[in-house]
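Participant: Residue -8 is where the sequence shown starts when you use our numbering, and the numbers rise one by one after that.
Even glycine gets a Cβ: it sits at the ideal position worked out from N, Cα and C.
From a predicted model like this one, the values you see are computed outputs, not experimental measurements.
One structure follows; several queries about it will come next.
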Amino acid sequence: NKALAIKVGDRVGQLVNDSFPEFMRDTFLCGEGYDKNIKTNREIISDRGIFVDKKRYILNIVDKEGEEVDELKFMGVETKKTTLPEEMAKKINGFVRRLLKGEAWTDIAPDVVAYKDTLETTDDIMSIGLPKGIQKVEQYTQDLKAGLATRLPGHIAAAIHYNAWREKMGDKESIPIVSHMKIKVFYLTTPVKMEWREFKSIALPTDIDVIPQWFLDNFTVDRKAHLKRLVDKPLENIIKAIGEVSPTKQSMKVDSLLEF
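In structure tokens form, the structure reads like this:
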């Protein structure tokens, strides 16, 4: 139980500190007084956790340095990265929190599927864009037009594609994408052939006020591909450690049939 775990943790910390003076004298030849300069504090006690890999884990913390808490600690997992929109990271963390609080994955899975359905049908297309920062887009554009750029980073290609369409449509209202901007990248269901190359994605400035009508008229975002990147992949990279996968309607139906 929690009380026993805290007691054991505190005792281990005490024994570690008791061992330091002898270690410091034997290893570093520290004299009396200096051999007690190194000490540790017991940091956390967790009742449940998922260890994905080295330095990649999620812990449900119940005690932090002697004080009772109720919080999660995320280390090295996808929901801590800036490539995942903050709201989606919070939602995925919420599913993981429920799991670490003891709720069965079979009870959580329907809510994951419902959340993905909401994202797949949302009218707010910006909410499912892949966030990126951009650098050197001007240089890449010049090189591409001159036939010098044979390979482009995906988000750079998406930005160039947006700027090309903005120019093609004579759009003076939408802001161009320039270096140091924050952008949202969108995968397309059908590649688009332009003068210089074929584009499989397109970007929008994160701070754009109104999505251009030409964007809505000419492009269809591959929402399923976005859900894989924004929900399935980051979630599975956590729960794979316990043998689970991100649920779909099909997988839930199969699971329900197998129960019988």
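Looking at the strands, I want to know which residues DSSP matches up with Leu139.
Facilitator: Bridge partners of Leu139: none, in fact.
Participant: Note down the Cα distance separating Glu129 from Ile151, rounded to an integer number of angstroms.
Facilitator: Going by the C-alpha atoms only, they are around 9 Å apart.
Participant: Which ranges would you report for the alpha helix (DSSP H) in the region 112 to 175 if only whole runs of at least 4 residues count?
Facilitator: Listed in chain order, they are 128 to 136, 145 to 159.
Participant: Do the CB positions of Met172 and Pro203 come within less than 9 Å of each other?
Facilitator: Cβ atoms of Met172 and Pro203: not closer than 9 Å.
Participant: List the residues that DSSP assigns as beta-bridge partners of Asp44.
Facilitator: Paired residues: Arg47.
Participant: With a CB to CB cut of under 6 Å and the five nearest residues on each side skipped, what residues in its chain are close to Arg88?
Facilitator: So the qualifying residues of the chain are Leu63.
Participant: Can you tell which of Phe42, Met243, Gly4, Met66 has its C-alpha closest to the C-alpha of Glu56?
Facilitator: Nearest option by C-alpha distance: Gly4.
Participant: Can you name the start and end residues of the beta strand (DSSP E) that Phe210 belongs to?
Facilitator: Unbroken run through Phe210: none, as it is neither H nor E.
Participant: Would you say the region 96 to 105 touches the region 115 to 125, given that touching needs at least three Cβ pairs under 8 Å?
Facilitator: They do not touch, by the three-pair rule.
Participant: Would Val190 and Lys184 qualify as a contact pair, given that the criterion is a beta-carbon distance under 9 Å?
Facilitator: Before going on, a small fix: residue 190 reads as Phe here, not Val. In this structure, Lys184 lies closer than 9 Å to Phe190 by Cβ.
Participant: Helix, strand or coil, according to DSSP, for Lys72 in the structure here?
Facilitator: Three-state result, Lys72: coil.
Participant: With a threshold of 8 Å, are at least 3 pairs of Cβ atoms found where one atom belongs to the region 219 to 239 and the other to the region 32 to 43?
Facilitator: Judged by Cβ distances under 8 Å, the region 219 to 239 makes contact with the region 32 to 43, as three or more pairs qualify.
Participant: Hey, Val7 and Thr31 are a contact pair by Cβ (cut 8 Å); roughly how many whole angstroms apart?
Facilitator: The pair is a contact, with the Cβ atoms about 6 Å apart (cut-off 8 Å).
Participant: Please say whether Leu226 and Ile29 have beta carbons closer to each other than 9 Å?
Facilitator: The answer is no: Cβ separation not under 9 Å.
Participant: What is the residue span of the beta strand (DSSP E) that Val236 lies within?
Facilitator: Unbroken run through Val236: none, as it is neither H nor E.
Participant: Cutting at 6 Å between CB atoms, please list the residues of its own chain near Ser37, excluding the five before and the five after it.
Facilitator: Counting only Cβ-Cβ distances below 6 Å, and skipping sequence neighbours, we find Leu50, Asn51, Ile52.
Participant: Rounded to a whole number of angstroms, what is the C-alpha to C-alpha distance between Thr18 and Asn(-8)?
Facilitator: Cα to Cα, Thr18 sits roughly 38 Å from Asn(-8).
Participant: With a Cβ-Cβ cutoff of 9 Å, do Leu257 and Tyr153 count as a contact?
Facilitator: Residue 257 is absent from the structure shown; the chain starts at -8 and stops at 251.
Participant: Looking at the structure shown, is Thr180 part of a helix, part of a strand, or coil, going by DSSP?
Facilitator: It is a strand residue.
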